[in-house]
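See structure below.
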Amino acid sequence: MAEFQSPQVGQIERKTQNRIVSLFRDRLGYDYLGNWEDRDGNSNIEEKLLREYLTSTKRYSKTLINKAIDKLIKCANRSQLSLYDLNKETYSLLRYSAKEREKLGQHKQDVEFIDWEHPENNHFAIAEEVTIRGNRTKRPDVVLYVNGIALGVIELKRSIVSVSEGIRQNIGNQKEEFIKTFFSTVQLVMAGNDTEGLRYGTTETTEEYYLTWKESWLDNEGRLDKSILQLCEKKRLLEIAH
Numbered sequence: 203m204a205e206f207q208s209p210q211v212g213q214i215e216r217k218t219q220n221r222i223v224s225l226f227r228d229r230l231g232y233d234y235l236g237n238w239e240d241r242d243g244n245s246n247i248e249e250k251l252l253r254e255y256l257t258s259t260k261r262y263s264k265t266l267i268n269k270a271i272d273k274l275i276k277c278a279n280r281s282q283l284s285l286y287d288l289n290k291e292t293y294s295l296l297r298y299s300a301k302e303r304e305k306l307g308q309h310k311q312d313v314e315f316i317d318w319e320h321p322e323n324n325h326f327a328i329a330e331e332v333t334i335r336g337n338r339t340k341r342p343d344v345v346l347y348v349n350g351i352a353l354g355v356i357e358l359k360r361s362i363v364s365v366s367e368g369i370r371q372n373i374g375n376q377k378e379e380f381i382k383t384f385f386s387t388v389q390l391v392m393a394g395n396d397t398e399g400l401r402y403g404t405t406e407t408t409e410e411y412y413l414t415w416k417e418s419w420l421d422n423e424g425r426l427d428k429s430i431l432q433l434c435e436k437k438r439l440l441e442i443a444h
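The sequence shown lines up with residues 203 to 444 when you count with my numbering.
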């Protein structure tokens, strides 16, 4: 049986999420992809966005792009692997590029999915209520995409609900019976509310090892907003993922 939630509680959570979405869009400069609750085919690798990025660099032929994207998608969806191995091998492609040859007999070329050295060259975007249909359907509150690749996930809770609940939700979502393969690309897993701020880890981080981001600047901001502005700033996000 679903837990009853009063309209007022839902409005409080929606108000917080609206504010955080605006924070990403208006202050961090992320594109807003939309509310994807009812969108079909949501993925941790949004092929259209990734293809647009690789094409825009004008460094790769269509053949190389097709081969590289195909390799990344196949790697990220090997459900037979443990999440540790799945994430490690997918990250290796993101970090060190896919090595492909255009034609048989030619030298292999590096196809780089992310420009780690020049953050401004990448496309940063967020989507909210991202419905993922795995063994069981789950819906992360906010997903951070870089060139169409999901690098971060945020679960948001209202102030009277502990951040620990959001952490446990993230941990549960990574399990085999839910949406494990979605986390094959994810490098930053976050949960937060307005009273406790933001806590973060990576895939398979246990609850007791989630960390709180602490920096002295932006002290005039609320705890949650401050942490997101600091942790999810474009350059910082890539530094952490790198």
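Using N, Cα and C, we set each Cβ at its ideal position, and we do this for glycine too.
Whole-angstrom distance between residue j and residue i, CA atom to CA atom
i	j	result
residue 230	residue 333	24 Å
residue 279	residue 253	18 Å
residue 317	residue 324	6 Å
residue 431	residue 224	12 Å
residue 349	residue 330	16 Å
residue 441	residue 403	14 Å
residue 266	residue 251	16 Å
residue 263	residue 304	8 Å
residue 312	residue 363	46 Å
residue 435	residue 387	19 Å
residue 171	residue 326	The structure shown does not extend to residue 171, since the chain is modelled only from 203 through 444, so no value can be given for it.
residue 335	residue 301	30 Å
residue 292	residue 277	6 Å
residue 443	residue 413	15 Å
residue 290	residue 296	10 Å
residue 319	residue 294	16 Å
residue 407	residue 255	31 Å
residue 207	residue 375	Only weak support is given to the placement of residue 207: the predicted model assigns it a pLDDT of 42, under 50, and the value that follows is read from those uncertain coordinates. Approximately 21 Å, taken between the alpha carbons.
residue 341	residue 417	30 Å
Environment of residue i [buried if 16+ CB atoms lie within 10 Å]
i	result
residue 310	exposed
residue 347	buried
residue 271	buried
residue 356	buried
residue 239	exposed
residue 274	buried
residue 257	exposed
residue 210	Summary for residue 210: the model assigns pLDDT 47, below 50, so the residue's position carries little reliability; its value from the coordinates is reported in the next sentence. Residue 210 comes out exposed.
residue 306	exposed
Inter-residue CB distance, residue i and residue j (contact presumed, cutoff 8 Å)
i	j	result
residue 390	residue 426	Not really, about 15 Å apart at Cβ, beyond 8 Å.
residue 218	residue 396	6 Å
residue 394	residue 368	7 Å
residue 409	residue 370	6 Å
residue 398	residue 365	5 Å
residue 351	residue 315	6 Å
residue 358	residue 222	6 Å
residue 405	residue 385	5 Å
Residue i, enclosing alpha helix (DSSP H) - first and last residue
i	result
residue 306	From DSSP, residue 306 is part of no alpha helix (DSSP H); its letter is neither H nor E.
residue 237	No alpha helix (DSSP H) contains residue 237, which is instead part of the beta strand (DSSP E) from 233 to 237.
residue 275	264 to 278
residue 427	425 to 433
residue 437	436 to 443
DSSP beta-bridge partners of residue i
i	result
residue 374	Note: residue 374 sits in no beta bridge, so no partner.
residue 365	The partner list for residue 365 (beta bridge, DSSP) is empty, contrary to what the question assumes.
residue 395	399
residue 300	313
residue 340	334
residue 356	344 and 392
residue 414	401
residue 326	348
residue 247	351
Opening and closing residue of the beta strand (DSSP E) in which residue i lies
i	result
residue 347	344 to 348
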